[in-house]
Amino acid sequence: MSTSSSKPERNMYDDFDIEDPSLSTRFEEVMDDLVARCPVAHSRIGAGYSVINRYEDVRQCAMDWQTFSSADGWQLNPPEGTIQILPEDSDPPYHNNWRRVLNPPFSRPAVRKLDAFARKRAGELLDALAPRGECEFVADYAALLPGQILFEQILPVPVDDLPTLFEDIDIFSFGALEDRGPAFARVHAYLDRFLKDRQGQPPKGDLVDKIIAGVELNGDPCPWEDRVYTALDVVFGGLATTTHAMSAAIYHLAAHPDVRRDLLANPEYVTNAVEEVARLYAPVVAPARTVTTEVEIAGVPFKAGDRIALNFASASRDPDACTNPEIFDIRRSEIIHTAFGVGPHRCLGEHLARLEIQITIEEFLKRIPEFSLKPGTQPSYESGQLRAMRDLHLVWDSST
Ligand code: HEM
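Letter by letter, the sequence shown follows residues 560 to 959 of the working numbering.
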């Protein structure tokens, strides 16, 4: 994007469109160019918005929730009928009330206790794949594991409901655009019913009880709907994001045998590999905020009501935060990135996501140390405010 010959048809500086389909194939190029040349990009789509691209600006905006509010929602141009998710679409103090309820099962020590279970489930999926010599990794593994862990260990739903729930979550995450709204509505209706059913049962001491108990909103109990929106945020926040990150990890190791062999010889670098996956493959690209008062960002004036997006994906590739940011380097001494966000909305599930990505790398390499992309294939992506790998075809020699 930096030379005239490679310049995109669309002017991504003052006619940016985060939903532009070409972004999925030129993602890195566009992100790097925005960091280098365009600290604030402007879009005319919908009501118009600006995108903040450099690390320090993104970090400061994400910390300053008073000036950059989340209350109008994370989507830049939400489709008709979009409903709120909580705590994402809220500000402190209400936001903090929900985080206090949600944080404990996602804390580092709580997540560490899930290691054995997650490894067992990952192993079962991979044991079924290994003798086949090929797979479509997204559908055969990455779309399955995060739900198995979330719904069996943290937000337990009846096992019989899982196939339908998985199907709707899959349609919402990867289906045709027109099918996504109805799939979201079905998961919303399911969670509403599920929470109501559980309300009539004796408490089990899990996160579901805590969500049902709710929190205070301006001194009163919060409305019932907010409890459903909170369950929705946990479900949608945690599945497609981690599916993408796990797929990206295995894609990177398939496409870069040097990194794969380095990791096989030096497994102690796996946690760095996890950070590099999150940093460079960025499942959450750019959530929105609303400006609440007159303010300048990178010298550009904003007024109350303006919509902006914090480009976590580009900020993680800013050379001011990370030396040689385009390189996937498992030997970095310090890995600074914004892949899990910054400030009060920092990802609830970051420790769980890290665990799942790490286990995926370790358990996959244990069973299938040598593998590659299926000849003639490349993964396809969807890029918008979230990024998702839709398919990843792999092959390996299963006869040895
Ligand atoms: C690699 C996987 C993941 C990535 C890259 C990721 C990234 C992020 C980012 C960047 C934010 C901040 C959004 C903002 O500032 O507006 C966020 C928030 C959130 N994430 Fe994650 N996430 C991942 C996995 C998970 C998991 C596993 C869960 C839970 C099961 C989860 C649940 C949430 C929730 C509930 C929020 C909203 C937090 C709040 O508003 O306080 N995420 N995530």
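By construction, the Cβ of each residue, glycine as well, lies at the ideal position given by its N, Cα and C atoms.
With a threshold of 7 Å on Cβ separation, who are the neighbours of residue i within its own chain once the five nearest residues in sequence on each side are excluded?
i, result
"residue 1004", "Residue 1004 cannot be examined here, being either before or after the span of the chain that is shown, 560 to 959."
"residue 651", "624 and 903"
"residue 644", "788, 791, 792 and 795"
"residue 852", "626 and 863"
"residue 678", "918 and 922"
"residue 765", "715"
"residue 579", "569"
Thinking C-beta only, is residue j closer than 7 Å to residue i?
i, j, result
"residue 875", "residue 845", "no"
"residue 576", "residue 609", "no"
"residue 812", "residue 819", "yes"
"residue 873", "residue 590", "yes"
"residue 908", "residue 665", "yes"
"residue 646", "residue 658", "yes"
"residue 757", "residue 767", "yes"
"residue 806", "residue 697", "yes"
"residue 798", "residue 705", "yes"
"residue 810", "residue 938", "yes"
"residue 680", "residue 712", "no"
"residue 841", "residue 946", "yes"
"residue 920", "residue 808", "yes"
"residue 833", "residue 905", "no"
By Cβ distance below 8 Å, which residues in the same chain neighbour residue i in space, the five residues on each side in sequence not counted?
i, result
"residue 954", "692, 693, 930, 931, 932, 933 and 934"
"residue 565", "A caution first: residue 565 carries a pLDDT of 49, below 50, which makes its placement in the model too unreliable to give a value."
"residue 633", "644, 647, 648, 846, 847 and 944"
"residue 749", "720, 723, 724 and 727"
"residue 916", "801, 804, 805, 808, 833, 836 and 837"
"residue 684", "699, 700, 703 and 704"
Name the two residues that bound the continuous alpha helix (DSSP H) containing residue i.
i, result
"residue 873", "871 to 874"
"residue 962", "No answer is possible for residue 962: the residues shown for the chain start at 560 and end at 959."
If you follow the beta strand (DSSP E) that residue i is part of, which residue opens it and which one closes it?
i, result
"residue 953", "952 to 954"
"residue 848", "847 to 850"
"residue 774", "Run containing residue 774: none; DSSP gives neither H nor E here."
"residue 695", "693 to 695"
"residue 528", "Because residue 528 is not part of the residues shown, which for the chain are 560 to 959, the question remains open."
Who are the Cβ neighbours of residue i in its own chain at under 6 Å, not counting the five residues just before and after it?
i, result
"residue 880", "614 and 895"
"residue 910", "667 and 670"
"residue 773", "780, 781 and 786"
"residue 958", "none"
"residue 605", "636"
"residue 709", "797"
Item checked: Secondary structure, beta strand (DSSP E): runs of 3+ residues fully inside the stretch 585 to 673 -> Counting whole runs of 3 or more residues, the stretch 585 to 673 contains the beta strand (DSSP E) stretches 599 to 602 and 608 to 611.
Note to self: As an exercise, report each continuous alpha helix (DSSP H) stretch of at least 4 residues that is fully enclosed by the stretch 890 to 945, in chain order.
What the structure shows: As summarised for the stretch 890 to 945, the continuous alpha helix (DSSP H) elements at least 4 residues long and confined to that stretch are 909 to 926, given in chain order.
Check: Unbroken beta strand (DSSP E) runs of length 3 or more, entirely within the stretch 714 to 765: which are they?
Finding: Positions of the beta strand (DSSP E) runs, each at least 3 residues long and wholly inside the stretch 714 to 765, cannot be given because no such run exists.
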